[in-house]
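Each remark here refers to the structure printed beneath this line.
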Amino acid sequence: AQKITQTQPGMFVQEKEAVTLDCTYDTSDQSYGLFWYKQPSSGEMIFLIYQGSYDEQNATEGRYSLNFQKARKSANLVISASQLGDSAMYFCAIALTGTASKLTFGTGTRLQVTL
Amino acid sequence: GAVVSQHPSWVICKSGTSVKIECRSLDFQATTMFWYRQFPKQSLMLMATSNEGSKATYEQGVEKDKFLINHASLTLSTLTVTSAHPEDSSFYICSATRLGEQFFGPGTRLTVL
Numbered sequence: 047a048q049k050i051t052q053t054q055p056g057m058f059v060q061e062k063e064a065v066t067l068d069c070t071y072d073t074s075d076q077s078y079g080l081f082w083y084k085q086p087s088s089g090e091m092i093f094l095i096y097q098g099s100y101d102e103q104n105a106t107e108g109r110y111s112l113n114f115q116k117a118r119k120s121a122n123l124v125i126s127a128s129q130l131g132d133s134a135m136y137f138c139a140i141a142l143t144g145t146a147s148k149l150t151f152g153t154g155t156r157l158q159v160t161l
Numbered sequence: 034g035a036v037v038s039q040h041p042s043w044v045i046c047k048s049g050t051s052v053k054i055e056c057r058s059l060d061f062q063a064t065t066m067f068w069y070r071q072f073p074k075q076s077l078m079l080m081a082t083s084n085e086g087s088k089a090t091y092e093q094g095v096e097k098d099k100f101l102i103n104h105a106s107l108t109l110s111t112l113t114v115t116s117a118h119p120e121d122s123s124f125y126i127c128s129a130t131r132l133g134e135q136f137f138g139p140g141t142r143l144t145v146l
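Listed in order, the protein sequences are those of chains B and L. Basically our numbering = 1-based index in the first sequence + 46. Basically our numbering = 1-based index in the second sequence + 33.
Laid out in structure tokens, this is it:
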């Protein structure tokens, strides 16, 4: 079974600063994908970024980048130039390749962006 | 982009009644849909995998007779919470896959009195 660990229940960051949200994972499979989702108070799940286990380059999507360290089994999300609208819950998730995207989520980190 | 809708967005019901939640992929066909449950301040937990034209696959600990899933077409999956009780109050989210990518519905908040 897969497991995602997010050790930061809550984080604060000042507007325009960068913030790193931690995520470690555990799986015995070699082929998998790592995902980050944002969940604002409205409840919708917003896809942010994806990293495949065989991708050698760290994924980037606009202000989001994923710091992928395969040997350490970590997939930290870096948000640059934080904005007030970034305040939300952030979930890290893993899916094994070939499982039709069946996701296992971590417990989430609540990010609060302050002025 | 791909859009997934859920109906209703919220529902309040009395204990013992059954509630049906619909999940639709509006602009694509989805052979696989997933149903998740999220209790307050907790993570999303996968309940079941819904495959069009076949029986759903339930995760360990999820009662298949209580949470009935029907995936009758490539654009619609339904979750029926039978004989709902207050402990079933939760946020239910569905997702649909297209070309390996997962798209989430906006969720349904169920409150059982």
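Each residue gets a CB set at the ideal place from its N, CA and C atoms; glycine is no exception.
At a cut-off of 8 Å between C-beta atoms, L/Phe100 does not count as an interface residue with respect to chain B. Residue nearest to B/Thr153 within the set L/Leu77, L/Gln62 and L/Met66 is L/Leu77 (criterion: CA-CA distance). By the criterion of at least three beta-carbon pairs nearer than 8 Å, the stretch 48-63 of chain B is not in contact with the stretch 101-115 of chain B. Look at L/Glu134 here: in three-state DSSP terms it is strand. Taken in chain order, the complete beta strand (DSSP E) segments of 3 or more residues contained in the stretch 55-115 of chain B are 56-60, 65-67, 70-72, 78-85, 92-98 and 110-115. Nearest in C-alpha terms to L/Phe124, of all of L/Pro41, L/Gly34 and L/Ala35, is L/Pro41.
Counted as a single uninterrupted DSSP element, the stretch harbouring L/Lys88 is not any beta strand (DSSP E), since DSSP gives it neither H nor E.
For L/Arg142, the uninterrupted beta strand (DSSP E) run begins and ends at Thr141 to Val145, by DSSP. Assigned with DSSP and collapsed to three states, B/Leu130 falls in helix. By the beta-carbon neighbour count (other beta carbons within 10 angstroms, threshold 16), L/Asp121 is buried.
Assignment of beta-bridge partners to L/Met66 by DSSP yields L/Ser83 and L/Ala129.
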